[in-house]
Amino acid sequence: MEAINQECVIAPGDLREAPISSTTTATNLTGSWKFFRPEIAESGSPCSEACPLANDIRSIADLVHRGQPEEALRILRRTNPLPAVTGRVCPGFCRQSCNRAQLDQSVLVPRLERYLGDLGLERPYPTPDAMRAERAAVIGSGPAGISAAYHLARQGIRVVLYEERSAPGGMLAYGIPEYRLPRAILRAELDNLLAGLPIELETERRITPEQLMTLRQEHDFLFCGPGLWGTSLPGEFAGNPKVRHGLELLETINSGHVPPESRFVVVGGGNVALDTARCLRRLGKEASIVYRRTRSQMPAYAEEIRQALDEGVPVLEERLIGRMEETDGGLELRLARAVQTDGGIEQGEPMERLETDIVVPAVGQTRDAVFPEDPSVFLIGDYRDGAGNVARAMASGRQAAERALASCGLNTETPASSRESENARDRAAPWGICLLQPETPCEPPETPPSERTKDFREVSPAPDSEEVAALASRCLQCGRCTACGLCWFFCPDLAVQLGNSPQNVAIDASYCKGCGICASVCPRGVIRMREEV
Amino acid sequence: MDTVQAPSGQTRDMLLGSDAVAWGARLCRPDVIAAYPITPQTHIIETLSGMVDGGELSSEYIKAESEMSALAACYGAVASGSRSFTATSSHGLALMHEMLHWFSGSRFPMVLVNANRALGAPWNIWTDQGDSLSQRDTGWLQIYCETAQEALDSTILAYWVSERIMLPVMVMIDGFILSHTMEQLMIPDQERVDAFLPRYEAPYRLDTENPLSFGAAATPDNFYELRKALAKTMRASLRTLEQGYADFRDHFGRSYANLIWDGPEDADTVLLCSGAVTGTVRTALEELRRQGHRTALIKLRLVRPFPRDELMAMLSGVRRLIVLNRAVSFGAGGTLTQEVRSALFTMPDAPAVIDVIASLGGKEIFPETIRELVLEADQLSERESNWF
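If you read the sequences in order, they're chains A and B. The working numbering numbers the first residue of the first sequence as 122 and each following residue consecutively. The working numbering numbers the first residue of the second sequence as 236 and each following residue consecutively.
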């Protein structure tokens, strides 16, 4: 024993009695303390999970960012037969779940898709390696039918595509206005697709329900996607010559006919209602919208609603037509307040009077022909699922084609499609996104409303390579390691080994204490903590 | 006082106690000041930040988000070889508790000025030594000041000692009583202080050319040896302090000590106290002595390390020692009393030590209070704590 007292003298050595180590601490294997172990594992990205077509968006963005748009187009065509179309008409379900929105702004994927689609107009679709013996018929050349035919034909199955109208495209050609999808683009993309693949298009060939089973017997596979073109009007309007269904009017305009009347009141809040009003505006007509709920409750795409308002389309919210009276020149509408109750909508106090020539209810689409149900016939598109959107219709065509291909022993390599987008939206974005540097948000350029309503030109000009390179570089590559090094930077135990590529990122289990900081800072959600067993 | 000429190399001025501390710190040219405001020390760091802002002081001033962070920032600064300063009080010192251990355990020199203040609950901002005395086991030297001059001088002296023994030093001033009252004092010139206190040359520091790790895990045997060295240095620092007082007197002409006896040598009743109340006690005892009572006071400046042997020597022949406490350890009595009793345990013919809880949370101590204590000392308990 040694007594320490105040007679002790401090020697220079005593001052060095500090807990300092000049040798390595590597002998202290702190990894033995851990209860949790980080795992670096790639997972799906929220955009692809939200996309009805499950487009491999992050790979496409990465390839464009690296200056390989041709390869990006090849990847995109694996899941999407018509990117020039969807790049224009899809509202971008991917954007609603894009994690980048937590940082500054979601990635403008539709612009990227449109760019690749336009690039593809000049690039032939790859022809199948070999032809097969099976034959298929597809009723309806809308997005669902085209998609089914495309995925079958790519595998060497000959397809006959029946279209009752004079041009292919279904709703793409007759429902969607020119300013959202120029006919020339649609035509060019369809021609390109049909040129490279064993698909025989027969236009002006209406298949009646009675012919269905004959057709089925003549082919190995039959797909039925005639769409929803039924335009039956609610009882109070039926038979009135001054009432026209929105879809029917839209089809007329899209076919190149201009209605002679000058004043229109469109009733409804869906895309058909908005499209009809905006088309009429471009034809120099007066068109206003009457909707029974509020603007924010409209089922139409938010972008469509905003653009319609920008273009000066009057929207009367929470109104319904209380009474309709014939006048000398047209109709007088007496609007009433639409009161939302638990049971639905009730008529409230009287509101404005509107003078109009034509009332356009754009409410509800139905089947115009009912085909016999047979388990061996694949139903696809809106005909099967009810009014939806182009991407969903394409997805249903592909899923049906994949089932048919699987029955011939052909397993496609495309990713599983059309998961419910709601699930993806519920998942929280990784916290680590807040560690990234935000950039100034940018919206796609738009032609001023006063200019664009003079004709049917596209609302947004075409994106150039500079714009898409910039927006592709904004993709965070969620679910995939990019060797960004944030885990390496934050690891308090220097346990992350960072190479120059994602394949060279590893965690040294000897020193990882399992604190989980790497997992919480990873902005791509690639690191997960697993309990040690 | 106004007739007194300032000694050469010093300037006479009138300053708040807190400004006196700020001047003391400034003259030591700290490289880094990291602090968080708290009543009643805020003036100290406010004045220092003003000096930095005005370009009079070239320190790096870090506005921390808490006292814990402030002292942690100072730790980093000292680890990299800098001289560092902070000031705090009460809850702020409590929040620093963990970092206090890290400083002493790492053998890092540091000076912290604490304005003594009560800890809640209930909320109270007045003077009370409970905040610093409850940190007496953290391995910091503790110096308690009576005047603003003493606070200024002790801050300079604290660096001198700290950097020689590689242990941190805490300097205490009474909240409000010292921090918020003005006093005429001498401010040494910068050249004088530079001559007394040279630049800090760290014997070890963070250096990318010579990588070292500080405070990494130590084995039990290793830990024991490091703590033994700390204990040894703490005891031996009493000598360093003596050298410091002598050197300080040579440079600035003012004398300090760990313990100061004030009164006749044959006093039989002695009062022991620390901090600004010493002045009150001195006045009260002077009057009692005029009335014929043999009383003296011991001003305790140093609580860590505790100057046991000096105290024993001072108390030879004293019959009764009344310890005035401004802090209490509940269930054991006045904190200073415990220190004193423990120190005197091996003293033959030790005086009776009477524990008086004189004030808590700023309760006033008047000269009459002191006089009554001495006059009625026979009625005070020698076993239990005496409360008013």
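Yeah, the Cβ is synthetic: ideal placement off N, Cα and C, and Gly gets one too. Computed from a predicted model, the values in this text were never measured in an experiment.
- Residue 411 of chain A is positioned such that its CB atom lies closer than 7 Å to that of residue 388 of chain A.
- Boundaries of the alpha helix (DSSP H) harbouring residue 593 of chain A: 586 to 594, taken from the DSSP string.
- Assigned with DSSP and collapsed to three states, residue 296 of chain B falls in strand.
- Annotation: Cβ neighbours of residue 138 of chain A in chain B (cutoff 9 Å, chain order): 342, 401, 460, 461, 463, 464, 465, 467, 468.
- The three-state reading of DSSP puts residue 339 of chain A in helix, counting H, G and I together.
- Of all residues in the segment 142 to 169 of chain A, only 142, 143, 146, 149 place a beta-carbon less than 8 Å from a beta-carbon of chain B.
- Among the residues facing chain A, residue 580 of chain B is not included, as its CB has no counterpart in that chain under 7 Å away.
- Per DSSP, reduced to three states, the secondary structure at residue 245 of chain B is strand.
- Under the DSSP definition of a beta bridge, residue 462 of chain A partners with A:465.
- Across the set A:618, A:209, A:385, the C-alpha of A:618 shows the shortest separation from the C-alpha of residue 631 of chain A.
- Neighbours of residue 449 of chain B in chain A, taken as residues whose beta carbon is under 9 Å from its own, are 139, 140, 141, 142 in chain order.
- Under the Cβ distance rule, residue 471 of chain B counts among the residues neighbouring chain A, one pair being separated by less than 7 Å.
- If only complete runs of 3 or more residues are kept, the segment 538 to 613 of chain B shows the beta strand (DSSP E) at 555 to 560, 587 to 592, in order along the chain.
- Residue 439 of chain B belongs to the set of residues whose beta carbon lies under 7 Å from a beta carbon in chain A.
- Residue range 417 to 423 is occupied by the beta strand (DSSP E) that includes residue 419 of chain B.
- DSSP places residue 553 of chain A within a helical segment (H, G or I) once states are collapsed to three.
- Just so you know, the alpha carbons of residue 206 of chain A and residue 572 of chain A end up roughly 23 Å apart.
- Here DSSP, grouped into helix, strand and coil, assigns residue 358 of chain B to coil.
- Contact between the segment 191 to 210 of chain A and the segment 619 to 626 of chain A is absent: fewer than 3 CB-CB pairs across the two stretches fall below 8 Å.
- In this structure, residue 600 of chain A sits near residue 165 of chain A, with a CB-CB distance shorter than 7 Å.
- When Cβ-Cβ separations below 7 Å define contact, residue 614 of chain A makes no contact with chain B.
- Listed along chain A, the residues sitting closer than 8 Å to residue 453 of chain B by beta-carbon distance are 140.
- The CB of residue 129 of chain A comes closer than 7 Å to the CB of 467, 470, 471 in chain B, given here in chain order.
- The DSSP-derived three-state label of residue 165 of chain A is coil.
- If only complete runs of 3 or more residues are kept, the segment 233 to 284 of chain A shows the beta strand (DSSP E) at 256 to 260, 279 to 283, in order along the chain.
- For chain B, none of the residues of the segment 462 to 478 of chain A brings a beta carbon within less than 9 Å of one of its beta carbons.
- Per the C-alpha coordinates, the member of A:394, A:427, A:323 positioned closest to residue 261 of chain A is A:323.
- DSSP places residue 390 of chain B in the uninterrupted alpha helix (DSSP H) bounded by 383 to 400.
- Scanning B:400, B:361, B:418, B:588 for the CA closest to the CA of residue 247 of chain B turns up B:418.
- As computed with DSSP, residue 319 of chain B is found in a beta bridge with B:267.
- The C-beta of residue 629 of chain A comes no closer than 7 Å to any C-beta of chain B.
- Neighbourhood of residue 475 of chain B in chain A, by CB distance below 8 Å: 131, in chain order.
- As DSSP reads the structure, residue 409 of chain A sits in a beta bridge with A:386.
- Taking a C-beta distance under 7 Å as the contact criterion, residue 269 of chain B and residue 314 of chain B do not qualify as a contact pair.
- At a Cβ-Cβ threshold of 7 Å, residue 347 of chain A and residue 236 of chain A do not count as neighbours.
- Contact annotation: the segment 147 to 158 of chain A does not touch the segment 492 to 505 of chain B, with fewer than three C-beta pairs closer than 8 Å.
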